[in-house]
Every structure is written in C-alpha cells, then in structure tokens.
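Participant: Residue numbers (the numbering used here): 5 to 131. Built from N, CA and C at the ideal position, the CB exists for glycine as well. What you are looking at is a predicted structure, and each value in this text was computed from that prediction instead of being measured. There's a structure below that I have some questions on.
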C-alpha cells in the first residue's frame with residue numbers, strides 16, 4: 005500500500021451546499037430516509053419562540069448516523085479498491101458493522117478485546 009492510498013481519505017472536499025448534495029446523492033440508495041421530530045414541551049423551555057428539532061438517526065441502518073459516513077466512504081472507493089476489500093474497526097456498533105459487511109462481501113470487521121459482549125459481531129461462517 006502506498007502512502008497515497010493511506011492518506012487519500014485525509015483529503016477533504018470543502019463543505020458547501022453542492023458538496024453536501026453530492027454526498028447525499030452518492031449514499032441515497034443505501035440509507036433510510038429518517039424523520040425529523042419536534043418537541044413542544046422541550047421547545048417551551050427555551051426563551052422566545054424557538055423550536056427544537058430532532059433528527060431520528062436511531063432509525064437509520066445500523067441504528068446511528070455513522071452508517072451515512074460509512075456509506076459515503078465506500079462510495080468513494082474505486083472498483084479495484086472494493087475488489088481488494090475493506091477492513092473496519094469498531095469498539096462497538098455491532099449493527100453498523102453488520103450493515104457494512106452486508107454491503108461488501110469482502111470486508112474484515114475488527115474489534116477491541118474490551119468490546120462489550122452485546123456489541124460483538126458473531127463469528128463469520130467458513131463459507
């Protein structure tokens with residue numbers, strides 16, 4: 005692996021409306037559209053006429069917003085990079101890793117030994 009391959013992800017695209025829309029277009033086929041909620045009781049605690057909005061990313065694949073970032077990272081890989089496979093690391097997020105693993109047959113989830121049992125992925129079958 006060359007230094008360029010290692011650092012390519014460190015390069016960033018300026019955050020603009022255009023870059024956000026492009027990222028959304030790249031991940032849209034792979035994510036759930038999650039709702040936005042408000043809370044009148046919590047909003048009433050704020051001064052003035054403010055409204056609190058909550059994006060229900062707990063309803064996203066993997067149970068968290070992290071699936072969006074993982075999907076975007078995968079969308080940026082070339083066909084050759086995808087063919088080589090992907091290695092993921094997590095100290096938990098079992099369902100997010102499962103979702104990513106389902107997306108790519110050639111993935112290698114890695115976890116810390118201190119990961120709580122309820123967050124661990126089941127062992128892969130030898131198939």
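How about residue 36 and residue 19: do their beta carbons lie closer than 8 Å?
Facilitator: One-based indexing of the chain shown puts residue 36 at position 32. One-based indexing of the chain shown puts residue 19 at position 15. No.
Participant: Okay, do the segment 52-60 and the segment 71-78 touch, 3+ Cβ pairs below 8 Å being the bar?
Facilitator: No contact exists between the segment 52-60 and the segment 71-78.
Participant: Please report the Cβ distance between residue 54 and residue 47, rounded to the nearest whole angstrom; I am assuming they are in contact, meaning their Cβ atoms lie under 8 Å.
Facilitator: One-based indexing of the chain shown puts residue 54 at position 50. One-based indexing of the chain shown puts residue 47 at position 43. Between residue 47 and residue 54 the Cβ distance is about 6 Å, and since that is below 8 Å, they are a contact.
Participant: Using only the alpha-carbon positions, how far apart do residue 40 and residue 69 sit?
Facilitator: Residue 40 sits at position 36 when you count from the first residue of the chain shown. Residue 69 sits at position 65 when you count from the first residue of the chain shown. The straight-line gap from Cα to Cα measures roughly 13 Å.
Participant: Who are the near neighbours of residue 120 in its chain, counting only those whose CB is closer than 6 Å to its CB and skipping five residues on each side?
Facilitator: Residue 120 sits at position 116 when you count from the first residue of the chain shown. There are no such residues.
Participant: Buried or exposed for residue 66, please, with buried defined as at least 16 other CB atoms from any protein chain shown within 10 angstroms of its CB.
Facilitator: Taking the chain shown and counting its residues from 1, the one referred to as residue 66 is at position 62. Residue 66 should be labelled buried.
Participant: Looking at residue 72 and residue 31, is the spacing between their C-beta atoms short of 8 Å?
Facilitator: Here residue 31 refers to the residue found at position 27 of the chain shown. Here residue 72 refers to the residue found at position 68 of the chain shown. Contact flag set, yes.
Participant: Could you check what DSSP says for residue 11 in three-state terms: helix, strand or coil?
Facilitator: Here the question's residue 11 lines up with position 7 in the chain shown. Residue confidence is low: residue 11 scores 44 on pLDDT, short of 50, so the model does not pin down where it sits. Its coordinate-derived value is still stated next. Three-state DSSP puts residue 11 in a helix.
Participant: Please name the residue or residues paired with residue 59 in a DSSP beta bridge.
Facilitator: For the purposes of this step, residue 59 is taken as residue 55 along the chain shown, with counting starting at 1. In DSSP, residue 59 forms a bridge with 40.
Participant: Can you tell me the Cα-Cα spacing of residue 117 and residue 29, whole angstroms?
Facilitator: Along the chain shown, one-based indexing puts residue 117 at 113. Along the chain shown, one-based indexing puts residue 29 at 25. Roughly 36 Å separates the two Cα atoms.
Participant: Taking the continuous alpha helix (DSSP H) assigned at residue 52, which residues delimit it?
Facilitator: If you number the chain shown from 1, residue 52 lands on position 48. Counting along the chain, residue 52 falls outside any alpha helix (DSSP H), and DSSP gives it neither H nor E.
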